[in-house]
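What follows is one structure encoded as structure tokens, with my remarks underneath.
Protein chains: 2
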Amino acid sequence: MNAEITIRALAALAQEHRLAAFRLLVQAGDAGLAAGAIADSLGVPASSMSFHLAQLGHAGLVNQRRESRSIIYTADYAAMNGLMGYLTENCCAGVPCTEDAGCSPAATTERNAA
Amino acid sequence: MNAEITIRALAALAQEHRLAAFRLLVQAGDAGLAAGAIADSLGVPASSMSFHLAQLGHAGLVNQRRESRSIIYTADYAAMNGLMGYLTENCCAGVPCTEDAGCSPAATTERNAA
DNA sequence: TCTATATTTCGATAGTTATCGAATTATTGG
DNA sequence: CCAATAATTCGATAACTATCGAAATATAGA
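Residue numbers (the numbering used here), protein chains in the order written: chain A, 25 to 138; chain B, 25 to 138.
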């Protein structure tokens with residue numbers, strides 16, 4: 025994780041609808057959510073949501089997979105952990121004051137995490 | 025920490041010079057750094073840096089104090105911790121998978137933290 | 001008070017980002 | 001192949017953000 029990637033991730037999250045969408049996906053776990061479901065849930069037009077999901081994808085914060093007619097988005101926990109790490113790695117003059125600011129999927133469906 | 029404040033903090037950090045400045049301040053600890061020192065260090069004109077520092081201040085990520093002719097900026101660790109908390113609090117369907125994503129000052133100068 | 005130093009505010013300009021309807025592409029079932 | 005569903009791309013517009021020199025403000029010392 026370098027400055028450029030970090031900035032892209034921060035910029036991606038620094039927007040009302042994208043932050044809300046990302047949080048929905050973080051909660052959804054591996055199951056993820058379809059683009060349309062996210063748009064409906066947030067009351068945002070499909071084309072606008074598509075634009076925002078593309079930004080999150082470009083920042084590496086979400087992944088997508090096709091499932092029949094739907095595109096299912098999932099949060100990329102590794103990317104989120106990398107972001108957290110970058111923001112804390114120089115914390116307190118290089119002395120790491122937190123080793124795990126981590127997060128892994130599972131939970132929701134209790135299935136075996138990737 | 026709510027969505028609006030989080031977005032302001034994320035937006036503040038999502039900029040090359042501001043992210044760099046914030047990281048310098050995180051490393052500097054309580055001692056902080058003067059506006060001019062940051063500008064010099066990053067090779068950014070004083071007026072531009074002032075604009076960026078104001079953004080960080082408005083987002084609550086840094087504090088400032090006057091010391092003679094200089095304005096000393098310091099990182100606000102509480103705000104940073106709040107940001108981290110907001111980004112992880114809904115992680116894995118509400119099950120907290122990390123309790124301390126925290127960071128406290130001290131370290132650099134080893135003096136008693138405020 | 002005058003001068004030097006440190007920083008911020010102002011103002012103009014260029015670049016980037018968000019918005020959303022309409023058109024387009026992809027998939028499925030009959 | 002046709003109709004229905006799901007999502008993306010396109011295009012125009014409005015709003016916001018970064019930039020930096022010049023001018024203004026604040027502090028300190030002689």
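Even for Gly, the Cβ is constructed at its ideal location relative to N, Cα and C.
- Query: Residues bridged to I96(B) by DSSP?
  - Reply: A58(B) and R89(B)
- Message: For a test of the three-state rule: what should DSSP assign to Q79(B), helix, strand or coil?
- Response: helix
- Message: Excluding the 5 residues flanking R32(B) on each side, which residues of the same chain have their C-beta closer than 6 Å to its C-beta?
- Response: A83
- Item | Separation of E91(A) from L77(B), as counted between CA atoms | 46 Å
- Task: Let me know the secondary structure DSSP gives Q51(B) once reduced to three states.
- Result: helix
- Task: Count the other CB atoms, across all protein chains shown, that sit within 10 Å of the CB of A38(A); report buried if there are 16 or more and exposed otherwise.
- Result: buried
- Beta-carbon separation of A143(B) and E40(A) under 9 Å? Coverage of chain B is limited to positions 25 through 138, which leaves residue 143(B) absent and any answer about it impossible.
- Query: So M104(A) is in the alpha helix (DSSP H); what residue range does that whole segment cover?
  - Reply: Y101 to T112
- Tell me whether the beta-carbon of M25(A) lies closer than 9 Å to the beta-carbon of T112(B). no
- Query: Using the beta-carbon of each residue, which ones in chain A are nearer than 7 Å to L34(B)?
  - Reply: L34, L37 and A38
- Task: Hey, could you find the ends of the alpha helix (DSSP H) A35(A) is sitting in?
- Result: A27 to L37
- In angstroms, rounded to a whole number, what distance separates the CA positions of D54(A) and V68(A)? 23 Å
- Cβ neighbours of A63(A) in the same chain (closer than 6 Å, five flanking residues each side left out): A70 and M73
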